[in-house]
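Shown next, in structure tokens, is the structure this report addresses.
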Amino acid sequence: MFGYTRRVPDGVSPYSSPSLSIGEYWLYTFEAEGAHNSMCAPHELFGMVGSIVVGSASGPAANPVGESPVPSEQSRPPEITAGLVLSDPAMEPESIVEAGSVSWSDLAPESKRPLLTPVQEWVQSRVPVRVPETPSGLLAAPGFRRW
């Protein structure tokens, strides 16, 4: 589950991997039928998300990002680059079932561009976002704000 709007089949409890060191791994068995979206919360900005389809392409993750269930103040759909990645046609559950797997290279370039503002806000306002730079010249994404 995203911890935002529900993107896993009904009855599936939230899950999270523990912190892992280099060379360690964690296994999770997906038992409920349907589409399961997962994400790395600290890397939502960079589009680090996935969609696993078990059996049929059904459940909340089979709906387009931002649709059903309707977001509320307590929940929101995947945003920033994660929202773009999950909205790519290659990431539709039926496409995953048909292809067997989808890799980063299968996504359209526009679905992989870094987006530093929430998707819905960007679509509605089209206001550019200026991100401050660190002394080293790297983008300071964790503290970005609109100017």
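Each residue of the sequence shown is one higher than the one before, counting from 132 in the numbering used here. Each residue gets a CB set at the ideal place from its N, CA and C atoms; glycine is no exception. No experiment lies behind these values; they were computed from the predicted model shown.
| Query | Result |
| --- | --- |
| Quick check on the burial criterion: 16 or more other C-beta atoms within 10 angstroms. Buried or exposed for Thr160? | exposed |
| For Ile227, write down the residues that DSSP places opposite it in a beta bridge. | DSSP lists no partner for Ile227. |
| Based on Cα-Cα distance, which residue from Leu176, Met222, Val184, Leu238 lies nearest to Thr212? | Leu176 |
| With distances taken Cα to Cα, identify the nearest neighbour of Ile183 among Arg244, Gly231, Pro240, Lys243. | Gly231 |
| Beta-carbon separation of Ser189 and Ala166 under 9 angstroms? | yes |
| Taking Asn168 as part of the beta strand (DSSP E), name the residues at either end of that continuous run. | 165-170 |
| Based on the DSSP output, what are the partners of Ile153 in its beta bridges? | Bridge partners of Ile153: none, in fact. |
| For Ser148, count neighbouring C-beta atoms within 10 Å of its own C-beta (all shown protein chains included) and say buried if the count is 16 or more, exposed if not. | exposed |
| Should Pro191 be labelled buried (16 or more other beta-carbon atoms within 10 Å of its own) or exposed? | buried |
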